[in-house]
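Worksheet: the structure to be examined is printed underneath.
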Amino acid sequence: MGGISEENRLKIESISKKFKVKTQLNFIRYSNLEEILGIEIKATRALSTYARLFVASLLDDKIDKILYLDCDAIVADSLKELWDLHIDDYYCAAVLDACPKYINLFLDLPDGQEHFNAGLLLINLKSWRENNLEKQFLDLIISKNGEVFHNDQGVINVVCRDKILKLNPKYNLLSPFFEVGYEKVLQWYDMKEYYSKDIIENALSNPVFIHLTTFVNGRPWFKNAQNHPLRRIFEDYVQETPFKHEIYIDDNRQFKGKFFSFAYRFLPYSLICAMFRIYEAVLIKRGKG
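Residue numbers (the working numbering): 2 to 290.
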């Protein structure tokens, strides 16, 4: 169950009871995932990193479609319209990621290939089974000795490419757009093609799923992130849960993330972006080496 303690399971169940959620909570064990798949993966990463890739084996065969949601997020509006989408001709539906170009390079994907964020996925499980996508996932993971760049998101972008339905960004609105705005996000990642500014601004006004990815302000639950633009809405939700006194943690990012957050407070944004370009160049050189 991904290391969820019995205490935290009970807390999660109490939230469902408090808000009278008409659903059934199931905690799925995937510690025996290798046994289910009939293969041993010798990798430095835990197999749980790729757990969402194998939902077709973990769930009942009668389930043809699921909605996967990352937990570092806020569901701000109804997901029914998304759920009702027809994705028969696709493996899944997702929102484009705002990310560096080197990610596709390290995944051996063509330059300019659309790259999707896996924090929210409407998955066509029927198609996954019919096309034996799990084997394709496994083949890729094994070929990389368990070290696929960007983990399961990388696997999905490689195996499912050209069969992913592009969603409106309101269904996976990345927190950097709240932090610095449309132009600065595109400047940071040197992106020439993305959703239009009007589409992003409309999503900012009417978000459905807000993905609390880390950027210049870290995460809203970091103790030093009081100025995060989403801190207030995050706190409002947290106060309604039994985790309200234990959720806040120290900034646990690596040096790179802390450095760019520090630089953002004191240096011109154009200079920070230039430094990020240098960081990218070094990373690419190392990767090719």
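The beta-carbon is built from N, C-alpha and C at its ideal position, and this holds for glycine as well.
Check                                                                                                         : Outcome
For residue 286, the nearest candidate out of 112, 275, 212, 107 (CA to CA)                                   : 107
Selection from 236, 183, 153 that minimises the alpha carbon distance to residue 71                           : 153
Three-pair Cβ contact test at 8 Å for the region 190-207 versus the region 222-240                            : no
Alpha helix (DSSP H) segments (min. 4 residues) lying fully within the region 216-251                         : 232-239
Integer Cβ distance of residue 174 from residue 230, believed to fall under 8 Å                               : Their Cβ separation, rounded to whole angstroms, is 12 Å, which puts residue 174 and residue 230 out of contact at 8 Å.
Bounding residues of the alpha helix (DSSP H) (the contiguous stretch that carries residue 205)               : 198-206
Runs of alpha helix (DSSP H) lying entirely within the region 52-82, each at least 4 residues, in chain order : 56-59
Inter-residue CB distance, residue 172 and residue 121 (contact presumed, cutoff 8 Å)                         : 6 Å
Straight-line Cα distance separating residue 260 from residue 64                                              : 45 Å
Nearest neighbour of residue 191, chosen from 271, 141, 126, 250 [CA to CA]                                   : 271
Three-state secondary structure assigned by DSSP to residue 127                                               : helix
Contact belief for residue 118 with residue 94 at Cβ below 8 Å, rounded distance in angstroms                 : So it is not a contact: roughly 12 Å between Cβ atoms.
Those residues which DSSP pairs with residue 211 across a bridge                                              : 75, 174
As assigned by DSSP and simplified to three states, the class of residue 118                                  : strand
Rounded C-alpha distance that separates residue 234 from residue 254                                          : 22 Å
CB-CB length for residue 265 against residue 273, believed under 8 Å                                          : 6 Å
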